[in-house]
Each structure stands twice: as structure tokens, then as C-alpha cells.
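Take a look at the structure below.
Numbering (UniProt numbering), first residue to last: 1 to 804.
Below you can see the structure in the form of C-alpha cells.
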């Protein structure tokens, strides 16, 4: 490489710098070319100086940086603009590894900000910000300094707007701050780039109101009629984003957006139409659909998906227009397109079927036609699942059988298996179709695939019994247990060489929300005293993570299988010196209270920390498992084991007191300075209610499950919920209080209804299925007729008495 520096060919010399940068990661003796690069960096040939600086900074480590520091300072303020930019950008990269050295170049960077070149100004401001970004006060002063119009570079102004917007968001300053005034003043800048950046910053803020949005939207509206396609695209894309949160703010632009529907650039036209779909009125839906149809074939799948998502939002907004939109979606399904595009359409039709009763049968018919030629296994199986769930409850269920059985004859094994399950659901739900379904399933028993044969054999055997309870339990509603929990329970059962009783499915935890959707408490998320990070484990539900964590503690492991773990509840304010959260774990005869404690004081250590719990009810505190040590800002866990009194569903309130030995410590080392003393800290009370004993279970067919349980243990009562002012409020409170899952979307109340029926399902501790049918009527409060069915009388009594 050193010999190549002697070459006079400009292109080859510049190639040398690129090769040096690429080889810097693998070469061991990069120092060999340092002198050659330093010579070029300070030489007279300007077109070599910039690339030489970049290459030199790439191969220089922190130890060697001081040897070229003088050259870097000179290069930052160099009169040759490419050289100054190269030095500034290289300094920016060096900030990641050598912040202490680059901090000393602040004066040179400030001088470079005054340069008359737009890129040098931009790079210099970027370097100054990165040097000071961890000091909020310094960043604020930086923005204030350049607010007075010193920056001539539009790129630097864009960066200044981004820095100001970030400060507003982080400090929650609001629209009254000088920072916001700076951004708003940039809406009147002479550069289009700066105007757009300011408008984009305002509409992207979390807490902007319609009044604050108005000037930004007005600027974007002007851009919509610009002769430049880039400005039109930027404006309509940003307005599309605004329409998601503030559709009313964009209505003023509708005329301009309609003019963009015929834009020669199809990306602009697509964004315009999707924005109009979010802001348009119900009367404009038909016209918009016709306009969309004219250019759908000309745009890419990516933009087609955007259109489909907008149609889904519009259908939720104007449910009476489902017919027009459904027909449009069906036409799109028949046209060419990739998997993601088809998936978006199918998802939208399924959403309409679920949410709009009138759209159910047209939607199912369109999907039946689609699976005749569907080449995507995932979509075919999903549609078959929907047909099995909704088809039997339509006016003419028999018309869907042909479409389903065609899949058994023509498709792959996965689709055939899904079709067999769908057929079985028709036989289980519709008595008039039972004989025909049995004949079809008998043919499926000869299939070449094991999965298809096994499913057909199982469903055939169940259907031939002609028992409604078996149909509901094994076909219509299925098994709802945690797969990880079932695996663990079966494994533990097999370890017992001579089990005294058969395996009981009731001991397996119910399936709950995945980890991604339900945030666990501090202990499963971090390293507690007794727990370990779930990141080291295979991802399951929150319930599974808790179960594994608790089984590692001997005193708790002997209590049996955890039935339910509640969401974490805060027992202190987040700003207090000790932060405590509680999770309730219900076992067959006990409740384990898990307290996740965090010490926010860096000059104290808490030892032997536990929570003393007292209740006026007949609860018996069996044991406490203290946290050995609470050090600064590290979560640790203590447990309290409480024995349940006779009879399920005992409710009560516990007064809680955190007790510990407190020791002063050195904040730097964390070492305790004294022997310490006993102290205590009052926590919020912890309540036990019926919801703590109930697991949510979502049923696909509530009517079948209701008939399966029968009226043997049915209880009924009427209640006046006088403090409730609406059906929505009543539904929300009943679901929360009972801790049960709403079925068949009965938690969604159609507009302007004065009566409603809420269907709830759950499993009470001990494995007792429980169903609730609540008929609600609105008149001077809410009147509720509550009917409860369960597998035992005590559970029904507990649910009814809890509300009473």
C-alpha cells in the first residue's frame, strides 16, 4: 500500500484510501500507512486530503489519536470545504470511541459552524450536538444560540429543528416553549426542505392539539399543489400520518387531496386516496371506491396493502357501507398479487365478518370463492377455520360444505386437515347435517396423511356418540390449556413410577396471553433473588414464566400447580424511596403474594426484607420468604404464603407493611458502614376478589358450551347497578370485576342500544368451568339479570354473591 502512494493516477490513489478503510478491520499493522496518510492529509493536493483524513481516522485508535490531534483541528477550520467536511464527519465517528479527545475540538467546531458552505455548517452543528448531547442544559443553550438566524445552511436548520423537537418531547415542554416557537417560525423559511422539516416535526409530536397542527397542515396543503413530485409526495405522506390521529385537522385539505387522485405519480395518488378514506364522509365512499378501482392495477403490492388497511379503518367507521367495500375487496382478491397483499385483504374481510353481522354471509361467500384458487396454505387454513366457526350459525350452513370438502380432495395435507376440522364443526352444530358430515368424514379416514386420518377418526367417533357435551368439549370449543404447562405437568406425572391416581387435566394451567402482550412483573423481567431471567428460557406465556420461577423455590413448589397469576399491582408511588409491586399467585389451597421490591436510595442497603400481611378475615399467613438484600436500583423479591380458609372464593383485604434491616452504605462502593437497625415502610392494601380465582377462557361457540353445562347448577338473580350511567361502562366493570373473558364479541355494544346481552366464560380455581349470561337494560342506571352456570353449585353461588 505504501508503494501505491507514489502513483500519480488520481482515480487509483482514491481507490487506495477506500481499500485501507475496508482492510482496517482485518489488518494488524495499520500503523505502517499512518505516515503516508498524514503526509497526504497535510499535503497540497486538495482532492487527496479529504479521503486521507477519512482513512486515517478509520485506522486510528484512542492511543494514537493525540498524535494527529493538531492536524485534525487544522482540518476542521480549513478553507477548503471538502477537507473541513471530511474532518468534521470523521470527528463525529471518533466521538463513539474517543469522546474525551474530540471534546477538546469544540472551539474549532464552533468556528466551522460560521463557515459559508452549507455542508460544513451542517456537519459542524452535528459534531457540536453529539459532543454535548448528554448535557441537556448545554443542548438547550446550543439551540438558543442558533435561533437568532446564524445558520444559512438549510441542512443545518433541519438538524436544529430535529434537536429542538427531541428536547420538547424529552422535557415535555409543550407548545408554550421557545423551542416550539423556533420550529413554528421555520414554517416561514425560504427553503422548502426546512419548511417541510418544521411541519413534519410539529405533526409528529405526541401531544399536539388541532390548534397547533393548523399552521403545519396549511403548509402541507400548499405543498400538495406544488409542481415538484417530491414535495407533493412528502406532503401527502405526512397528511396521511396526521389523518391517523387527527382526521378532523386534515378535512380542510380534502379538495387538494382529491386533485391528487389523478396524479401521474401512482405513489402520490395512493397516499391521497388512503388519506381521503380516513377523512372522507359516508356519502363519499362510493365515489372514492370507483376512483380507487381505476388505478389499483398500476401500483405495487406495498401501496395496495396501504389502501386495504385504509378500507378496513373506513369500514369500522361506516359499517353501513360494508357492501360496497366488501365487493371491492372481493374483486381485488381475484386479481394478481403476492402473499402479503392477499393476506391484508383476507384479514380485512375477516374483520368485517367479525364486527358486522350483516356482512357475515357475503364475506364468507367471497372467501369461499377465493380458496377455490388460493395458492397460500396459511390463508386457506385460516379461512377454513373461520368457516368452521361462523358457517354453522348462518341461515344456510349446507352451502359451505361443498367448498370445504373440495379442499379435502384437492389440497395439501395441512389444508386437508383444517378442512376436516371445519367439517366436524358443521356436524357438531347442525343436527340436520350430522349424517352427511359423518359420511364425508368416513371418506377422510382413508386419507394418505396421518394427521388428516387421525383428526377424521377422532371427530367421527365423537359425532357418532351424538352427545352435545362431547361435541362442545372436543370439537366446538376445544382444549384451552397452556401447551408449556401441559408439557411440564405430563413430564412430572411420568416421573412418578407408580402414580396413585390418573392424570387430571384440571391441574394444567389455562392458556393465557403471550409474553409480548402481557408485561410481567419486575422479578420475571429482571434477576430477582429467587428468579432468573426469562430471556434464558424458551418464550411462553407470563403464566408459564411465573410457574417455572415459583417451582424453583422449595417452600412454594410443594403447594402444587399455580392456577392463576394476576397482573402486577403497584403498592407504592413510582417516585418513592422504595418501589414495591405485588403479584398474586393462586394455588389449590394457598395464595402466594410475590412482592418485587426496588431500593431507589444509593446510600442505603436493606437486608432481610419481607412484607408483613394482616387481615380481619380468616386468612392464615403460613410463611414469609424474605429478600436477603435490596441494593440500589436492583429488583429483589420476597414472598408471603397465605393459606385459604374453608370454602372457595374467600374475599378480603390485607394491610401490608414492608419490614427490613436498613444499613447506611458508601454510594461509590456499595459497602455497608454500620450494623443497621430495624425499620418498616407502609404499603397500600392488597385486595382479594372473585377475579383473582378466575381464569379467562375465550369460547368460539358459547351456546354449545352453555348447553353442555346445563341447568343443574344454574343460579339467577337481578341487580340494579344504579351508579352506572351507560351500558359500555357496565360491561367494562362487570368484565373487570368477574375476571372472565367476553365471548362472541359481546363486549362490543352497537350504537344507540338500550339493552344488551353480555356473554362471559372462565374457569374457577379447582378447574370448574363457569359461564355467565348478563342481560343489561338502561333506565335510570343499569338493570342486570345475571344467570350463572357452573360445574358445581358453590362456584355459581360465589359468582352471584360477589356481585350482590
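Where a beta carbon is used, it is the ideal one built from N, C-alpha and C, also for glycine.
Option nearest residue i by Cα separation, candidates the options
{"i": "residue 740", "options": "707, 698, 705", "result": "698"}
{"i": "residue 236", "options": "205, 275, 326, 386", "result": "275"}
{"i": "residue 359", "options": "370, 441, 321", "result": "321"}
{"i": "residue 543", "options": "98, 144, 571, 486", "result": "486"}
{"i": "residue 418", "options": "566, 394, 389", "result": "389"}
{"i": "residue 76", "options": "106, 95, 55", "result": "106"}
{"i": "residue 462", "options": "303, 315, 442", "result": "442"}
{"i": "residue 793", "options": "716, 736, 654", "result": "716"}
{"i": "residue 381", "options": "346, 354, 207, 398", "result": "346"}
{"i": "residue 19", "options": "56, 204, 611, 459", "result": "56"}
{"i": "residue 154", "options": "181, 465, 491, 195", "result": "195"}
{"i": "residue 99", "options": "81, 48, 134, 110", "result": "134"}
{"i": "residue 480", "options": "281, 761, 387", "result": "761"}
{"i": "residue 628", "options": "228, 611, 644, 643", "result": "611"}
{"i": "residue 549", "options": "592, 131, 127, 577", "result": "592"}
{"i": "residue 744", "options": "759, 157, 683", "result": "759"}
{"i": "residue 302", "options": "606, 448, 340, 91", "result": "340"}
{"i": "residue 678", "options": "661, 579, 691, 665", "result": "661"}
{"i": "residue 613", "options": "207, 680, 138", "result": "680"}
{"i": "residue 623", "options": "607, 642, 300", "result": "642"}
{"i": "residue 145", "options": "117, 168, 178, 172", "result": "178"}
{"i": "residue 395", "options": "429, 594, 424", "result": "429"}
Endpoints, beta strand (DSSP E) assigned at residue i
{"i": "residue 680", "result": "677-682"}
{"i": "residue 660", "result": "652-664"}
{"i": "residue 620", "result": "620-625"}
{"i": "residue 688", "result": "686-688"}
Residues that residue i bridges to, as DSSP identifies them
{"i": "residue 594", "result": "583, 639"}
{"i": "residue 604", "result": "664"}
{"i": "residue 785", "result": "718, 775"}
{"i": "residue 695", "result": "763"}
{"i": "residue 510", "result": "481"}
{"i": "residue 768", "result": "764"}
{"i": "residue 630", "result": "606"}
{"i": "residue 293", "result": "For residue 293, which the question treats as bridged, DSSP gives no partner whatsoever."}
{"i": "residue 258", "result": "Looking at the DSSP assignment, residue 258 forms no beta bridge with any residue, so it has no partner."}
{"i": "residue 672", "result": "665"}
Bounding residues of the alpha helix (DSSP H) (the contiguous stretch that carries residue i)
{"i": "residue 443", "result": "434-444"}
{"i": "residue 47", "result": "46-59"}
{"i": "residue 183", "result": "178-185"}
{"i": "residue 229", "result": "229-245"}
{"i": "residue 158", "result": "154-171"}
{"i": "residue 207", "result": "Here residue 207 belongs to no alpha helix (DSSP H), and DSSP marks it neither H nor E."}
{"i": "residue 368", "result": "360-372"}
{"i": "residue 805", "result": "As shown, the chain starts at 1 and ends at 804. That puts residue 805 outside it, with no answer to give."}
{"i": "residue 414", "result": "413-429"}
{"i": "residue 107", "result": "106-113"}
{"i": "residue 503", "result": "From DSSP, residue 503 is part of no alpha helix (DSSP H); its letter is neither H nor E."}
{"i": "residue 355", "result": "339-355"}
{"i": "residue 838", "result": "Lying outside 1 to 804, the shown extent of the chain, residue 838 is not represented and no answer is given."}
{"i": "residue 809", "result": "The requested residue 809 is not part of the displayed model; the chain covers only 1 to 804."}
{"i": "residue 22", "result": "10-23"}
{"i": "residue 740", "result": "Where residue 740 is concerned, there is no enclosing alpha helix (DSSP H), given that its DSSP letter is neither H nor E."}
{"i": "residue 118", "result": "118-132"}
{"i": "residue 450", "result": "450-465"}
Three or more C-beta pairs below 8 Å linking the stretch 664-675 and the stretch 612-622
no
Closer than 8 Å is the cut-off here; do at least three beta carbon pairs connect the stretch 487-506 with the stretch 470-477?
no
Contact between the stretch 709-720 and the stretch 681-691: three or more CB pairs below 8 Å?
no
Touch check for the stretch 260-269 and the stretch 241-250: three-plus C-beta pairs under 8 Å?
no
Measuring CB atoms only, is the stretch 742-760 touching the stretch 544-556, in the sense that at least three cross pairs come out at less than 8 Å?
no
Return the chain-ordered ranges of every alpha helix (DSSP H) run that is complete within the stretch 57-99 and spans a minimum of 4 residues.
62-76, 81-94
Does the contact criterion of 3 or more C-beta pairs under 8 Å hold for the stretch 96-113 versus the stretch 71-88?
yes
Counting pairs of Cβ atoms below 8 Å between the stretch 442-458 and the stretch 366-386, do you hit three or more?
no
Counting Cβ pairs closer than 8 Å, one from the stretch 152-170 and one from the stretch 183-199, do we hit at least three?
yes
Three CB pairs or more closer than 8 Å across the stretch 632-640 and the stretch 692-707
no
Does the stretch 721-736 come within contact of the stretch 653-669, defined as at least 3 CB pairs closer than 8 Å?
no
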